[in-house]
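1442 is the number of the first residue of the sequence shown in the numbering used here; add one for each residue after it. Where is the CB? At the ideal position from N, CA and C, for every residue including glycine. Below: the structure, in structure tokens.
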Amino acid sequence: MSRKLPLAEGETSRTACARTVIRLGVEEKTGEIIPLPTLAERIGWCLDLVSGMAGKLIAGHWNTPDVGTLASGQDAGGRVLPSNAWMALRRLGWTVTSPAKVNDRIVRMAQEQAGRALRSVKWRADVVAGILVTWPVDPEKRTDEEWGQVRVAIPGGEFLPSGVIRSRTRQITAFERKNGRLPTDVFDLEPTPRVARMLLLAACDGQQAAIERSPAEPTKALLRLQLPTRPDPQAYRDWSWVACPITLPPTVPANAVLHLPTLRLVGGKVRADLAYSRPVPRTRRTGHTVALGVDWGLNTLLSAGAARLHADGTITALGAGAQFRAAGVLAKQDRLRRISERLHTKSEQYARFADPALEWKTAVLTQEIRRVSARRSSLNDALAWSAARWTVDQAIAAGAGVIYVEDLRSMEAGGMGRTHNTRLSQTVRGKIADRIRHLAAETGIAVVTVPPRNTSRHCPHCLTPLRHRKAPDRPTTSGWKWAICPNPQCRWQGDRDQGAWQRIAARGLAHQSRTVTDRATGAMTIRAVVDAMETKAVITATPRTSRTDRSKTGPTRPRTNRLTPRRREVPSPGRAERPVSAPKVGRRPPHKHQAPPPAPRPGVVWCRPRPALPAGPASVRRDTHQRTGPGCPAQPTGTRT
């Protein structure tokens, strides 16, 4: 059973979800093992009962007054509604019955699922209502005045991404084109949603389901629940207790508290979304000195680097940053997209023919489209996890307490060419951001979104508008990859993405006092840029020491690992020269691939440095490093001390 999670100083409770699979069950009354097909069939019967009742509840209250009453949080008597959806629906008197014999916990799951769906539609209803009240003259392009009106009409529309308003406007325009009129509200615009087939066991108690972790094996857990023995149970004897062993994934720590999972049927398998709670370090909104800035891209999916805020208010970059490149994965993603588009085109063509002989081909195409879509979804999910893990690892390595990312919810693909627009619309930015928040919360690192405006346009050191060029060796060719600052006092130049992450990190550190937390999602964000703070959001360049600088603040001579040979001049004609000695007998001939020694220049002889003789008793020692040859100065063969 669930237990209370103990917390230490500076810790908070965090609930996450792990996906696992139930492979068999055991009938508790008889001890009979239930194989997977039979277990999936019995869970499917329970799913049908719950989804049927949830669909009736949603269809009966799919209107503006009922949704408004539920979202208001108060009942008819002015009392506050409970946070649990099934309890709120019962307080309002929204009940449902089933023709089969079910216990009260099955009805709870149906009410919980319906209540969550009805609560979630309130936000869409407010957005659609605000757009309909301020319907523009030209839906394709609003004026500045019309943009201001629609943001005032929508609750919280001041900080609502413009992309959301545009997408809802296109949805209303399509409805008007099809029906010849504008919709009255979102319930006229959208049909009753389809009810997902799942069992929300979190709405139950021990009389319907229970989960317990094995004390001997921490990686094992036992789920007990009541399942029907027939599709239409007519009495309580048609329900029985089934014990399902679960193997916990390695992501669930040993000190985590398990909660009742959500069961779903996917491809004949019983999947359990297991929720668990664990203590994690508490994240902070402000007080950060080291931050990681993350910039989005297409070819370079992510560019990230760390920056430090000093006590005097200056911000410096910690290193040159790094880039996450996934060219191979993105190429495969683009190939699967083209295959999917081709399959959809062929399927629509068969549908237009309306030939019964082509029905089997349409069924084959539908199955292939489903498989390609599953491959694309799996590839996007793997890419999102890999990019998020890389980003969090960069923050941990830099010792950063916060990750600042661009808020690109308003970014839309348009005006950049068909290929560029398609690639931009296929990116998984939202999924990557969610995965970054999930992994960063494990280590107490905050993730904050910042406004993206002018992060790639202005210089990170002086905020001067940059000149973008094709490449550093092509300064006159227009492009977007390389950025050059025209300010003569700055003259910064570098990769466009490298400058962007510096701007994002500096903007986040300068505006961290304006970080707010969304009460609904818990996500942290900086909603607007303040001019007074933006002037301080610059990266102070590290001073470089030139060869003419004698202030001793840095190295004044270039360092090299190459040994500098000694240069000796040819002795004067009056000085005695040592005769050339004969070559040593038995010297090993040079290898055939060995390069010949360079020819000496006239007047200059390059010799190895002669080591100093160590102090010792009087003796005569031979200098083994002595070299002789034409042009070498005369040297004694030995030294007597």
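**Prompt:** Do the stretch 1723-1740 and the stretch 1477-1485 make contact, defined as three or more Cβ pairs closer than 8 Å?
**Reply:** Output reads no: the stretch 1477-1485 does not touch the stretch 1723-1740.
Quiz item: Of the residues Pro1720, Asp1736, Leu1573, which one's Cα is nearest the Cα of Ile1945?
Solution: If you number the sequence shown from 1, residue 1945 lands on position 504. Relative to the Cα of Ile1945, the nearest Cα in the group Pro1720, Asp1736, Leu1573 belongs to Asp1736.
Practice problem: Please say whether Ala1555 and Val1467 have beta carbons closer to each other than 9 Å? | Solution: Within the sequence shown, the letter at position 26 stands for residue 1467. Within the sequence shown, the letter at position 114 stands for residue 1555. In this structure, Ala1555 does not lie closer than 9 Å to Val1467 by Cβ.
- Query: Which residue from Glu1809, Trp1801, Ser1492, Arg1583 puts its Cα closest to that of Leu1777?
  - Reply: For the purposes of this step, residue 1777 is identified with residue 336 of the sequence shown, where counting begins at 1. When each option's Cα is compared against that of Leu1777, the closest is Glu1809.
**Asked** Below 8 Å, can you find three or more Cβ-Cβ pairs linking the stretch 1636-1655 to the stretch 1530-1549?
**Response** The stretch 1636-1655 vs the stretch 1530-1549: in contact.
For Glu1450, count the other beta carbons within 10 Å of its own beta carbon; 16 or more makes it buried, fewer makes it exposed. Which is it?
Position 9 of the sequence shown, counted from the first residue, corresponds to residue 1450. Per the 10 Å Cβ criterion, exposed.
- From what residue to what residue does the alpha helix (DSSP H) around Lys1563 run? Within the sequence shown, the letter at position 122 stands for residue 1563. First-last of the alpha helix (DSSP H) with Lys1563: 1545-1574.
| said: Considering just the uninterrupted stretch of the alpha helix (DSSP H) at Ile1967, what are its terminal residues? | reply: If you number the sequence shown from 1, residue 1967 lands on position 526. Run containing Ile1967: none; DSSP gives neither H nor E here.
**Item:** Where Ile1463 falls, given that 16 or more other Cβ within 10 Å makes a residue buried
**Value:** As a first step, residue 1463 must be located in the sequence shown, where it is residue number 22. It counts as buried.
Exercise for review: Taking Ser1539 as part of the alpha helix (DSSP H), name the residues at either end of that continuous run.
Suggested key: If you number the sequence shown from 1, residue 1539 lands on position 98. First-last for Ser1539: undefined, no H or E at that position.
message = Report the start-end ranges of each alpha helix (DSSP H) in the stretch 1482-1540 that is 4 residues or longer and not cut off at the edges.
response = As far as the stretch 1482-1540 is concerned, its whole alpha helix (DSSP H) runs of at least 4 residues are 1505-1513, 1526-1533.
For Leu1701, count neighbouring C-beta atoms within 10 Å of its own C-beta (all shown protein chains included) and say buried if the count is 16 or more, exposed if not.
-> Along the sequence shown, one-based indexing puts residue 1701 at 260. With 16 or more Cβ atoms within 10 Å of its Cβ, Leu1701 is classed as buried.
Note to self: Within 10 Å of its beta-carbon, does Pro1669 have 16 or more other beta-carbons around it, so buried, or fewer, so exposed?
What the structure shows: Translated into the one-based positions of the sequence shown, residue 1669 becomes position 228. By the 10 Å Cβ count, Pro1669 comes out buried.
For Thr1688, three-class secondary structure by DSSP: Position 247 of the sequence shown, counting from 1, holds the residue named residue 1688. In the displayed model, Thr1688 falls within a strand according to three-state DSSP.
Along the chain, where does the alpha helix (DSSP H) that runs through Val1731 open and close?
If you number the sequence shown from 1, residue 1731 lands on position 290. Val1731 -> not in any alpha helix (DSSP H); beta strand (DSSP E) instead, spanning 1731-1737.
Q | Proximity winner among Leu1511, Pro1632, Leu1490, Val1979, relative to Gly1754 (alpha-carbon distances) | A | The residue labelled residue 1754 in the question sits at position 313 within the sequence shown. Taking only the C-alpha atoms, the option nearest Gly1754 is Val1979.
**OP:** Can you give me the Cβ contacts of Thr1703 inside the same chain, cut-off strictly under 6 Å, excluding the 5 residues immediately before and after it?
**Re:** Taking the sequence shown and counting its residues from 1, the one referred to as residue 1703 is at position 262. Closer than 6 Å at Cβ, skipping near neighbours: Met1639, Leu1641, Asp1714.
key: Cβ shell of Leu1530 (< 6 Å), same chain only, five flanking positions each side left out   = Here residue 1530 is taken as the residue at index 89 of the sequence shown, counted from 1. For Leu1530, where only same-chain residues beyond five positions count, the Cβ hits under 6 Å are Gln1552, Gly1556.
Exercise for the section: Determine the extent of the beta strand (DSSP E) in which Leu1663 is found, giving its start and end residues. Expected result: Looking up residue 1663 in the sequence shown gives position 222. Per DSSP, Leu1663 belongs to the beta strand (DSSP E) from 1661-1669.
task = Indicate the three-state DSSP secondary structure (helix, strand or coil) for His1785 in the structure shown.
result = Along the sequence shown, read from residue 1 onward, the residue named residue 1785 stands at position 344. His1785 carries a helical assignment under DSSP once its states are collapsed to helix, strand and coil.
Margin query: Applying the 10 Å Cβ sphere with the 16-neighbour rule, what's the burial state of Thr1832?
Written below: Within the sequence shown, numbered from 1, the residue matching residue 1832 stands at position 391. Buried, since its Cβ has 16 or more Cβ neighbours within 10 Å.
- Leaving out five residues before and five after Pro1580 in sequence, what residues of the same chain have Cβ atoms less than 7 Å from its Cβ? Position 139 of the sequence shown holds residue 1580. Take Pro1580, set aside five residues on each side of it, and the residues of its chain with a beta-carbon closer than 7 Å to its own are Thr1610, Thr1614, in chain order.
Nonlocal neighbours in the same chain, by C-beta distance under 8 Å from Cys1487, ignoring five residues either side
Translated into the one-based positions of the sequence shown, residue 1487 becomes position 46. Taken in chain order, the residues that qualify are Ile1547, Leu1640, Leu1668, Pro1669.
Checklist line | His1785, buried or exposed, once every other Cβ within 10 Å from all chains shown has been counted against 16 | finding: Reading the sequence shown from its first residue, position 344 is the one you call residue 1785. Around the beta carbon of His1785, fewer than 16 other beta carbons lie within 10 angstroms, which makes this residue exposed.
Requested in this report: Would you list the residues sitting across from Lys1582 in a DSSP beta bridge?
Outcome: The residue you call residue 1582 lines up with position 141 of the sequence shown. Beta-bridge analysis with DSSP links Lys1582 to no other residue.
Inset, instruction - Work out the CA separation of Ser1513 and Lys1391 for me, nearest whole Å. - result: Here the chain has residues from 1442 to 2082 only, and residue 1391 is not among them.
With 16 other Cβ atoms within 10 Å as the buried cut-off, status of Gln1953: The residue you call residue 1953 lines up with position 512 of the sequence shown. Its Cβ being crowded by 16 or more others within 10 Å, Gln1953 is buried.
Which residue from Gly1621, Ala1695, Ala1684 puts its Cα closest to that of Ala1657?
Here the question's residue 1657 lines up with position 216 in the sequence shown. Of the candidates Gly1621, Ala1695, Ala1684, the residue whose Cα lies closest to the Cα of Ala1657 is Ala1695.
- prompt: Can you give the Cα-Cα distance for Gly2057 and Ala1982, rounded to whole angstroms?
  reply: Counting from one through the sequence shown, the residue named residue 2057 turns up at place 616. Counting from one through the sequence shown, the residue named residue 1982 turns up at place 541. Its pLDDT being 47, under 50, Gly2057 is placed unreliably in this model, and the coordinates cannot settle the point.
Below 8 Å, how does it come out for the stretch 1499-1513 and the stretch 1677-1693: are there three or more Cβ pairs, yes or no? Counting Cβ pairs under 8 Å, fewer than three are found: no touch.
Please name the residue, chosen from Ala1768, Trp1826, Phe1628, that lies closest to Val1562 on a Cα-to-Cα basis.
On the sequence shown, residue 1562 is found 121 positions in, with the first residue counted as 1. It is Phe1628 whose Cα lies nearest to the Cα of Val1562.
Assigned secondary structure, Asp1796 (DSSP; H/G/I helix, E/B strand, else coil):
Working through the sequence shown from its first residue, we reach residue 1796 at position 355. Three-state result, Asp1796: coil.
Exercise for review: Return the CA-CA distance between Val1543 and Ala1558, expressed in angstroms with no decimal places.
Suggested key: Position 102 of the sequence shown, counted from the first residue, corresponds to residue 1543. Position 117 of the sequence shown, counted from the first residue, corresponds to residue 1558. Straight-line spacing of the CA atoms in Val1543 and Ala1558 works out to 22 Å.
Sort Arg1870, Arg1560, Trp1680, Glu1883 by Cα distance to Ala1650 and report the nearest one.
Looking up residue 1650 in the sequence shown gives position 209. The alpha carbon of Ala1650 has as its nearest neighbour, out of Arg1870, Arg1560, Trp1680, Glu1883, the alpha carbon of Trp1680.
- Item | Cβ-based burial, Glu1412 [other Cβ within 10 Å; buried from 16] | Here the chain covers residues 1442 to 2082 and nothing more, so residue 1412 does not appear.
Taking all protein chains shown into account, do 16 or more other C-beta atoms lie within 10 angstroms of the C-beta of Thr1584, making it buried, or fewer, making it exposed? Counting from one through the sequence shown, the residue named residue 1584 turns up at place 143. Its Cβ having fewer than 16 others within 10 Å, Thr1584 is exposed.
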